[in-house]
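Numbering of the sequence shown is given in my numbering, commencing with residue 54 and proceeding in unit increments.
Just below is one structure, and these are the notes that go with it.
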Amino acid sequence: MIDRYSRPEMAAIWTEQNKFQAWLEVEILSCEAWSELGVIPKEDVALLREKATFNIDRIYEIEQETRHDVIAFTRAVSESLGAERKWVHYGLTSTDVVDTALGYLLKQANDILDRDINNFIAILKDKAIAYKHTPMMGRTHGVHAEPTTFGLKMALWYEEMKRNLERFRFAADGVQYGKMSGAVGTYANIDPFIEQYVCGKLGTKSAPISTQTLQRDRHAEYMATLALVATSLDKFATEIRALQKSEFREVEEPFAKGQKGSSAMPHKRNPIGCESISGLSRVIRGHMISAYENVTLWHERDISHSSVERVILPDATILLNYMLNRLGNIIKNLTVFPENMKRNMRSTYDVPFSGRVLTKLIDKGFSREQAYDTVQPKAMQAWEEQRSFRDIVENDSVIREQLSMEEIADCFDPSWHLKHVDTIFDRLGLA
């Protein structure tokens with residue numbers, strides 16, 4: 054991933070240095086395990102742990118000849134050793150190292166993402182509580198519907214991200230596996246103890262069954278989950294973008310001193326951060342498709358998945374790390390305009406209160422159809438004539454025969470729509 058969308062902590066996991074270091078750790082741990090079985094002398098294992106190293110340029114140089122990155126790696130490591138070099142890669146096939154190390158690298162990445170999601174949830178919780186009773190207009194199909202609160206919007210996102218955290222932890226657990234079962238998964242040249250020992254030391258799990266590779270349904274599920282988390286972020290960012298429209302201006306993402314919005318229009322304050330989140334989510338969703346394509350491998354393995362995963366796994370984890378932190382900062386520092394929310398609530402001539410008038414008439418004995426056919430023309434009149442719906446209702450003889458002025462006034466009280474906000478927050482455990 055390009056530096057623009059990379060944060061150092063996550064990017065460091067996917068460097069060539071860290072990858073080869075993980076490979077080396079798998080190789081040494083496998084020798085330790087063989088030593089536990091009495092196959093490799095403990096003094097040789099000690100020498101391997103002390104002396105084994107690699108030079109990345111040398112690995113690349115050897116690979117130019119071998120056209121095989123793991124062989125290039127093991128030969129480069131062997132050059133740093135003495136007679137104990139014969140134990141490097143003992144009983145292993147290449148993917149025993151690569152897949153086991155990949156599970157270890159994904160565990161490192163997942164620890165960061167888990168923390169990021171939790172931090173994001175905490176930001177949403179704070180915003181939900183802060184704006185719990187801040188009224189705004191709810192919109193369906195882009196049209197004013199009924200009043201809600203900005204805190205409820207944040208609480209909705211909070212609950213969605215809690216579900217995403219559960220999904221993520223399940224999917225993350227599914228890829229934090231290793232396999233050291235040999236060329237076709239039968240442990241022909243290796244004892245199953247080696248796999249259990251190495252994975253245990255790495256903090257991962259050993260696959261109960263594998264071929265030469267771990268099965269890629271694990272990684273497809275993982276990528277689908279990352280894509281779903283990214284899509285939730287896209288959803289949140291899109292809502293902020295919509296509410297920042299000049300016609301609404303109910304919220305505004307941070308705009309730093311000295312920041313510029315347009316090379317041609319000095320007045321512009323564009324939601325570029327949220328637009329970036331929406332754009333990057335498309336990249337992760339695209340990677341999800343590639344992960345699904347990787348599930349179908351020939352027989353006990355082919356290498357078609359390898360080139361794909363070298364791109365999509367680092368990219369997706371790096372991008373999601375960036376997105377969670379950037380959007381989290383935007384929401385944490387979001388400017389909220391409660392007065393604009395109130396203004397917008399009244400900008401459509403009070404027609405969003407038509408449902409309350411409808412219900413009142415039904416309570417008075419009207420059939421639903423009769424009540425609907427009485428109220429709808431008045432609401433349409435308010436729209437078309439840009440007049441107060443309340444005034445029209447108050448001056449309608451049919452409605453006035455049923456409703457007193459006090460009852461009509463009650464229909465236009467926004468608090469009626471918000472009376473269960475506390476109940477919703479209590480259900481979410483938000484206090």
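Heads up, the beta-carbon is just placed ideally off N, CA and C, and yes, glycines get one too.
Distance from the CA of T187 to the CA of A484, rounded to the nearest whole angstrom, comes to 15 Å. Inter-residue distance for W469 and M189 is about 13 Å (C-alpha atoms, whole angstroms). S334 and L380 have their alpha carbons spaced roughly 12 Å apart.
L90 sits exposed, since fewer than 16 C-beta atoms from the chains shown fall within 10 Å of its C-beta.
H197 is bridged by DSSP to R192. Bridge partners of K206 according to DSSP: none are assigned. For the set T370, L387, M376 and A435, the Cα lying nearest the Cα of S400 is the one of A435. Remark: C-beta atoms of F173 and M214 approach each other more closely than 7 Å. Within the model, the alpha-carbon separation for T291 versus S331 is close to 7 Å.
Per DSSP, V123 is one residue of the alpha helix (DSSP H) stretching across D122 to S131. A straight-line Cα-Cα distance of about 39 Å links Y402 and N217.
Assignment of alpha helix (DSSP H) within the region 371-438, counting only whole runs of 4 or more residues, yields 391-398, 407-416 and 421-438 in chain order.
Exclusion of the five residues before and after A125 leaves I112, I115, E116 and T119 as the residues of its chain whose Cβ lies within less than 6 Å of its Cβ.
By the neighbour-count criterion, in which a residue is buried when 16 or more other Cβ atoms sit within 10 angstroms of its Cβ, W351 is exposed. Under the DSSP assignment, H340 falls in the alpha helix (DSSP H) whose first and last residues are I325 to E346.
For the pair M318 and R396, the Cα-to-Cα distance works out to about 27 Å. Put simply, of T427, I337 and I81 the residue whose alpha carbon is nearest the alpha carbon of A283 is I337. In this model, S360 and A309 are separated by some 40 Å (Cα to Cα). Straight-line measurement puts the Cα of A280 at about 47 Å from the Cα of L414. Secondary structure of Y143 (DSSP, three-state): coil. The count of Cβ pairs closer than 8 Å, one atom from the region 136-148 and one from the region 79-97, reaches three, so the stretches are in contact.
Residues T202, G204, V474 and F478 of the same chain have their beta carbon placed closer than 7 Å to that of K185, with the five preceding and five following residues left out of the count.
For V304 against Q297, the beta-carbon gap comes to about 6 Å, under 8 Å, which counts as contact. If the five residues before and after R102 are omitted, its C-beta is found closer than 7 Å to the C-beta atoms of I81, all from its own chain and listed in chain order.
When the five nearest sequence neighbours on each side are left out, the beta carbons in the same chain lying within less than 7 Å of the beta carbon of D169 are those of N374, L377 and N378, in order along the chain.
Note on geometry: alpha-carbon atoms of D110 and L158 lie some 22 Å from one another.
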